[in-house]
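Going by the working numbering, the letters in the sequence shown line up with residues 23 to 489, in that order.
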Amino acid sequence: GTLSALGRAGAMMTSKGGQRSTSSIDLDVGWGAALRDGEETRLLSDGSGAGDARRGRRRGSVREQLTPWILACLGFSVIFSVAAFVFRKKMYNAYGEKYFFFRQITTNAMYDIWATLVILGRWWCQPGFKATDGDTRLTWCRSGENAFPVWKFAVLSLLDGSADFLQSSSGSTTPGSWQVLINQAQIFFIMACSWLLLRARYRWLQVFGASLTLVGTCIGIIPDLGTCDTDRCLVTSTIVFFAADVPAALSFVWKQFALQSAGIDVFVLTAAVSWLQLFLTWLLLPLQSFSAFGGVDLRSLPGAVEDGAKCFAGDTSVEVFDKAGNVIGHCGPYVTAITFAFSLSGFISGILNLYVVKHGSAALMVLGTAVAVPLSDVAFSLPIIMGDEAKPFNWTSIVGLALVALGFLAYNHLDLHVFMCGASDEGFANGRGEAKGDYSGGGRQTSSDEQYLKRDRRAREAPTYRE
23 GTLSALGRAG
33 AMMTSKGGQR
43 STSSIDLDVG
53 WGAALRDGEE
63 TRLLSDGSGA
73 GDARRGRRRG
83 SVREQLTPWI
93 LACLGFSVIF
103 SVAAFVFRKK
113 MYNAYGEKYF
123 FFRQITTNAM
133 YDIWATLVIL
143 GRWWCQPGFK
153 ATDGDTRLTW
163 CRSGENAFPV
173 WKFAVLSLLD
183 GSADFLQSSS
193 GSTTPGSWQV
203 LINQAQIFFI
213 MACSWLLLRA
223 RYRWLQVFGA
233 SLTLVGTCIG
243 IIPDLGTCDT
253 DRCLVTSTIV
263 FFAADVPAAL
273 SFVWKQFALQ
283 SAGIDVFVLT
293 AAVSWLQLFL
303 TWLLLPLQSF
313 SAFGGVDLRS
323 LPGAVEDGAK
333 CFAGDTSVEV
343 FDKAGNVIGH
353 CGPYVTAITF
363 AFSLSGFISG
373 ILNLYVVKHG
383 SAALMVLGTA
393 VAVPLSDVAF
403 SLPIIMGDEA
413 KPFNWTSIVG
423 LALVALGFLA
433 YNHLDLHVFM
443 CGASDEGFAN
453 GRGEAKGDYS
463 GGGRQTSSDE
473 QYLKRDRRAR
483 EAPTYRE
């Protein structure tokens with residue numbers, strides 16, 4: 023995942039790995055923490071009716087939020103988001119089915135480096151920077167209701183690694199435009215996991231919006247499955263790619279729990295999870311011997327990793343294989359550049375999204391994602407970008423994309439309400455995933471730090487976040 027999962031609506035996320043997956047940190051519903059006016063703010067833009075948890079600030083008007091600098095960041099965020107989708111598909115194709123595991127490990131390591139550099143930069147530029155909110159709840163071994171020991175980081179790493187593994191193993195034979203739709207369908211699974219695990223409560227419009235994204239994804243994909251069985255489109259690969267939404271959603275919900283209850287800085291959380299993922303993902307390597315994940319013989323796995331490294335280095339003598347084991351080409355000289363381009367574009371998009379949320383609003387990020395999704399689909403239909411892999415639009419893809427976009431906006435309608443009305447963010451989140459405030463004319467405005475702290479304490483003690 024990449025940081026786009028951190029700043030996306032559906033994500034990527036970043037998620038990281040595949041990016042963020044986590045791009046797992048692959049956006050996309052956004053979550054994270056930022057610094058606003060010198061004090062830490064927890065961003066609860068998880069679509070669960072929360073919006074941004076602020077200290078009673080009243081949002082400015084639409085014109086005040088749409089400054090030239092914010093608009094520029096938002097525009098570049100959309101551009102880099104689209105680029106991340108395109109480069110991800112090109113990267114999947116470049117490595118084929120046999121070398122995807124090395125690709126996963128490599129992009130994971132790249133993300134680790136970028137996230138660590140950001141943490142070091144914040145530590146250098148912000149003398150008061152802390153990995154947590156200053157209390158003792160974040161520990162590596164202590165047990166307790168709010169403790170977040172290392173085994174929980176390990177579980178997150180395995181979830182992110184599993185999601186990226188499923189996407190990577192099927193990415194080369196799942197059309198790029200379908201990958202965009204499937205990533206947005208993750209919203210439905212996030213809502214379901216939040217309801218089951220955190221007892222989050224949703225408004226009917228949010229349930230309708232999340233369901234609409236799933237329906238739109240099915241409409242955009244299922245009618246074309248009958249013509250899918252080619253060397254570049256397999257039904258089984260599409261199902262495997264879709265299945266990656268489940269571990270990605272579980273990871274997202276658990277990360278949200280960590281941010282809200284354990285007070286972990288967003289970059290520290292994602293960097294720690296990603297570094298562990300770099301090592302724990304190796305546990306998944308034997309799965310590549312199954313036919314659904316490449317069918318590489320166990321004794322040939324070390325050689326596949328070695329050839330993957332040669333492919334990354336641009337060795338054009340290395341053969342590329344499809345899922346059936348047939349040679350479909352050779353590694354190109356631009357594989358290294360494509361891999362770096364994917365990693366950096368997803369990470370930069372996530373950083374820009376966090377900046378937009380911090381200095382603008384979560385709704386701007388929502389609108390940016392709503393624009394990036396159809397633009398990504400358009401990019402996959404252009405021969406000048408995708409070559410002979412371009413998938414032209416048809417009525418089912420247009421209807422499916424429209425439903426996904428509408429569902430996404432409906433799911434995030436609370437953030438959009440705050441944005442349009444200039445309402446106070448205070449009262450839109452109470453830590454339980456339920457919305458509060460007056461929606462008839464702009465929310466209730468609260469400026470008392472005491473009230474904020476009382477509500478924050480009640481949220482931390484609520485059974486919603488008990489394990």
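From the three backbone atoms N, C-alpha and C, an ideal C-beta is built for every residue, glycine too.
Just so it is clear, the structure is predicted and the values come from calculations on it, not from any experiment.
Local conformation of residue i per DSSP, three classes
i, result
"C95", "helix"
"V318", "coil"
"V342", "strand"
"R225", "coil"
"T138", "helix"
"D337", "coil"
"T361", "helix"
"Q126", "helix"
"G54", "For G54, the predicted structure reports a pLDDT of 33, less than 50, and the residue's modelled location is therefore unreliable. The matter cannot be settled from this model."
"G143", "helix"
"M213", "helix"
"L220", "coil"
"E517", "Look at the range of the chain in this structure, 23 to 489, and you will see that residue 517 is not part of it."
"L366", "helix"
"G231", "helix"
"K112", "helix"
"G372", "helix"
"T195", "helix"
Reference residue i, options the options, closest by Cα
i, options, result
"G368", "S383, T391, I350 and H381", "T391"
"T196", "V295, V379 and M113", "M113"
"L386", "I370, N375 and P396", "N375"
"T260", "S190, F362 and Q126", "S190"
"K174", "L93, F187, T292 and F124", "T292"
"A384", "L307, A214 and L431", "L431"
"L363", "S103, W226 and F109", "Residue identity differs from the one stated: residue 363 is Ala in this sequence, not Leu. The shortest C-alpha separation from A363 is found at F109."
"W91", "V378, E411 and V262", "V378"
"I370", "Y133, G118, Y117 and I127", "Y133"
"W304", "N115, A176 and V357", "A176"
"G238", "F210, F263, C333 and Y224", "F210"
"Q299", "T128, S103 and F122", "T128"
Segment limits, alpha helix (DSSP H) that includes residue i
i, result
"G429", "W417 to Y433"
"G198", "G198 to Q206"
"V172", "V172 to S192"
"K332", "L323 to F334"
Residues bridged to residue i [DSSP beta-bridge criterion]
i, result
"V349", "F343"
Complete runs of the alpha helix (DSSP H) confined to the stretch 376-407 [at least 4 residues]: Runs found: 384-402.
Taking only runs of the alpha helix (DSSP H) that begin and end inside the stretch 234-312, which ones reach a length of at least 4 residues, in chain order? Complete alpha helix (DSSP H) runs here, min 4: 257-265, 267-283 and 288-302.
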